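Below: the structure, in structure tokens.
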Amino acid sequence: MKKILVGAAFKMNKTVEESIEYAKELDIFIKEHAERLKGIDVFILPTFLSLYTFSKLLSGSKLKFGAQNCFWADEGAYTGEVSPMHLKKIGCTYVELGHPERLNILKEDEAMINKKIIGCLRNDLKPILCIGEEKEHPGKDEVNDFLKKQIRGYFKDVKAEEVNNIILAYEPVWAIGADKSASVGYIHDSLVFIRDFLDLEYGKNTGKNQLIIYGGSVNPKSAFEILKLDNNNGIFIGRAALNYDYFIKMVNMAIGA
């Protein structure tokens, strides 16, 4: 049975109090449905302000949490940055990296993302690395070329045995914040390419063993068909996950996928 992840990134939404209430309800749900949720990891990425409270609230919980960004160094004169070492010490499991909003608004580049990946791996954090083309291309050759270049750049100096410690979030930029997700066929073809490319670059079965999830306007209408894809390991939800009831619907869909 394939492993499934269902995650929510709050972006710059929800106060600490709102995030705590959300996490409490979700933690109760996960405990009550533990048997049904075997093989499914549920996680949330709140704002930085909520993380320390989450570390106390969710200690020993099956509900995992993490950050939406981090710096590449463990400590030093980096005003305003957040250390991956500190995130690990408060119990974070995941760190989201490479989201297009950070690339476009804050001008993060390939080299910066690469160093952050190395920093996370060094601290036994699981990077959730966002990859994806900027424009929809029906021919797919342009998409594959873009993904190939992106993966090679982000994975520079990542050892072959570390690749599967990175979770890939396939998020086509054109689908983020859109009215609907990419089509199931389009997602399937991209994931086939990514897995085949990882096998070629890092050795047989690397692609097969890679956790890849889809993000990009996932909502209760599109989630089930995406979850059913045999080469997909889950969904990474933004806007729709701000509604707790919507998120629970999608977690339940993962149980039936």
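Residue numbers (our numbering): 333 to 589. Idealized CB from N, CA, C, for every residue including glycine. From a predicted model like this one, the values you see are computed outputs, not experimental measurements.
DSSP lists Phe568 as the bridge partner or partners of Gly547. Spatial neighbours of Asp528 in its own chain (CB-CB distance under 7 Å, excluding positions within 5 residues in sequence) are listed in chain order as Gly539. The beta carbon of Asn476 lies closer than 7 Å to those of Phe525 in the same chain, with the five residues before and after it left out. Excluding residues up to 5 positions away in sequence, Cys402, Phe403, Ala405, Asp406, Glu407 lie with their Cβ nearer than 8 Å to the Cβ of Ser415 in the same chain. Per DSSP, the beta-bridge partners of Pro459 are Val427. The residues Asn551, Tyr578, in chain order, have a CB closer than 6 Å to that of Ala572 in the same chain once the five nearest residues on each side in sequence are set aside. Just measuring C-alpha positions, the residue of Phe386, Ala443, Ile449 sitting nearest Met417 is Ile449. Per DSSP, Phe525 is not a residue of any beta strand (DSSP E); the alpha helix (DSSP H) it occupies stretches across 516 to 534.
Comparing alpha carbon positions, the residue from Trp506, Ala399, Asp562 closest to Phe342 is Ala399. DSSP links Ile360 through a beta bridge to no other residue.
The beta carbons of Gly588 and Ile336 sit about 11 Å from each other, so the pair does not count as a contact at 8 Å. Distance from the CA of Glu494 to the CA of Leu453, rounded to the nearest whole angstrom, comes to 8 Å. The C-beta of Met333 has fewer than 16 other C-beta atoms within 10 Å across all chains shown, which makes the residue exposed. Here Lys421 has no same chain residue with a Cβ atom under 8 Å from its own Cβ, once five neighbours each way along the sequence are excluded. In this structure Lys458 touches Tyr426 by the C-beta definition: roughly 5 Å separates them, less than 8 Å.
In this model, Val505 and Glu428 are separated by some 15 Å (Cα to Cα).
Residue pairing by DSSP places Gly398 opposite Tyr426 in a beta bridge. Judged by DSSP secondary structure, Val583 falls within the alpha helix (DSSP H) whose first and last residues are 576 to 588. Selection Gly517, Asn537, Leu479, Leu381 evaluated against Lys560 yields Gly517 as nearest (Cα-Cα). For Ile450, DSSP assigns no beta-bridge partner whatsoever.
Excluding its 5 nearest sequence neighbours in each direction, Asp511 has no C-beta neighbour in its own chain below 6 Å. A direct Cα-to-Cα measurement between Lys553 and Val583 gives close to 13 Å.
For Ala492, the closest alpha carbon among the candidates Phe361, Glu367, Leu530 is that of Leu530.
Linking Glu350 to His469 through their CA atoms gives a straight-line distance of about 39 Å. About 7 Å separates the Cβ atoms of Lys346 and Leu574, confirming a contact at the 8 Å cut-off. When Ile376, Leu377, Ile362 are compared, the shortest CA-CA separation from Lys370 is found for Ile362. Ser382 is classed as buried because its beta carbon has at least 16 other beta carbons within 10 Å across all chains shown. If you look at Ala555, you'll find it in the alpha helix (DSSP H) that goes 555 to 559.
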